[in-house]
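Each remark here refers to the structure printed beneath this line.
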Amino acid sequence: MIIDVEGFEGPLDLLLTLARSQKVDLAKISILALAEQYLVFVEEARKLRLELAADYLVMAAWLAYLKSRLLIPEVKSDDDEPTGEELAALLAFRLKRLEAMRDSAARLVNRPRLGRDVFARGAPEPVAVQRTSTYDATLYDLLSAYASQRQRQMVSVVHVRRRTVWSLADAREILTRLVGRLADWTPIESFLLPYLAGPEMKATVRASAFSAALEMVREGRLELRQSEAYGPLYIRTAGPRAVPEGEGGS
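Going by the working numbering, the letters in the sequence shown line up with residues 84 to 333, in that order.
Have a look at this one:
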């Protein structure tokens, strides 16, 4: 935050303020009086603020030099150095230019603004346009639009993974090889455990094995038994059985 309470923006701004205090034209101001006023101001400021800006002190030294050049009689020399009167005129010109710049800036900022202080003739008043959307559609239109959007997002190519299925011939061959000659009832699940690898294989292995077992029972090669509903299935090899002693006739 920068707070400026009637401050000066530089030594030239201070000189312009001091020159205006003489209440004469800038071209007719007294450079000697101006130098005296500036040196008094700098001296008073240094008493209150030792860290006075260097450009103020440089301007004070230059004004002291200008004052000495104006007081000392002019001596003709071959040097191209400007005289005291020329330096004073240059300073007055710089002050006039600064004042003109500040007046132009003030007029530019405070000029009347279009639409606030002055108004153009024949300017039309703004017209507020309010738009309201009305949708008119039937249920058939909504369903048709939904169907068209779904068709755009549907997958055009569908790949169905091939399912592994036990054929009836495979099940029959495996049962024939595994069962062999079984004299005792044995659960059919015990023969199928090596083939029940995953959930996809369980259904096809059991269905094909059960169908193959029924086929072999019909052919008289196997016997099938189930002691209760939804109970385990037992199988054994069909054929003549040894009759225990005491049960047969003489």
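Don't be surprised by glycine CBs; every beta carbon is placed ideally from N, CA and C.
This one's a predicted model, so the numbers in the text were calculated from it and none came from an experiment.
Closest in C-alpha terms to R304, from the list E272, P315 and E256, comes E256. Under the Cβ criterion (8 Å, minimum of three pairs), the region 146-157 does not count as touching the region 204-216.
Counting C-beta pairs with one atom in each stretch, the region 184-200 and the region 108-128 have fewer than three that are closer than 8 Å, which means they do not touch. Beta bridge pairing from DSSP links I318 with T269 and L307. Each residue's CA atom was taken as its position, placing A230 and D224 some 10 Å apart. Per DSSP, reduced to three states, the secondary structure at V141 is helical. Judged by DSSP in its simplified three-state form, V288 adopts helix.
Here V210 carries a coil assignment [DSSP, helix/strand/coil].
In this structure, DSSP gives L101 a helical state, which the three-state scheme calls helix. Secondary structure at V240: coil, using DSSP grouped into helix, strand and coil. Counting along the chain, L191 sits inside the alpha helix (DSSP H) bounded by residues G167 to V192.
One alpha carbon belongs to E306, the other to R244, and they sit about 37 Å apart. Residue environment analysis places P195 among the exposed positions, since fewer than 16 neighbouring C-beta atoms fall within 10 angstroms of its C-beta. Taking every protein chain shown into account, the CB of L297 has fewer than 16 other CB atoms within 10 angstroms, so this residue is exposed.
For I257, the enclosing alpha helix (DSSP H) begins and ends at L251 to V262. For a cut-off of 8 Å, the C-beta gap from L95 to L117 is around 12 Å, too long to register as a contact. Here V201 carries a strand assignment [DSSP, helix/strand/coil]. In this structure, the alpha-carbon of E302 lies about 10 Å from that of A321. In this structure, the straight-line span from the alpha carbon of L275 to that of G314 is close to 16 Å.
Looking only at A252, V300 and R308, the smallest Cα-Cα distance to D267 is reached by R308. If the five residues before and after V248 are omitted, its C-beta is found closer than 6 Å to the C-beta atoms of T287, all from its own chain and listed in chain order.
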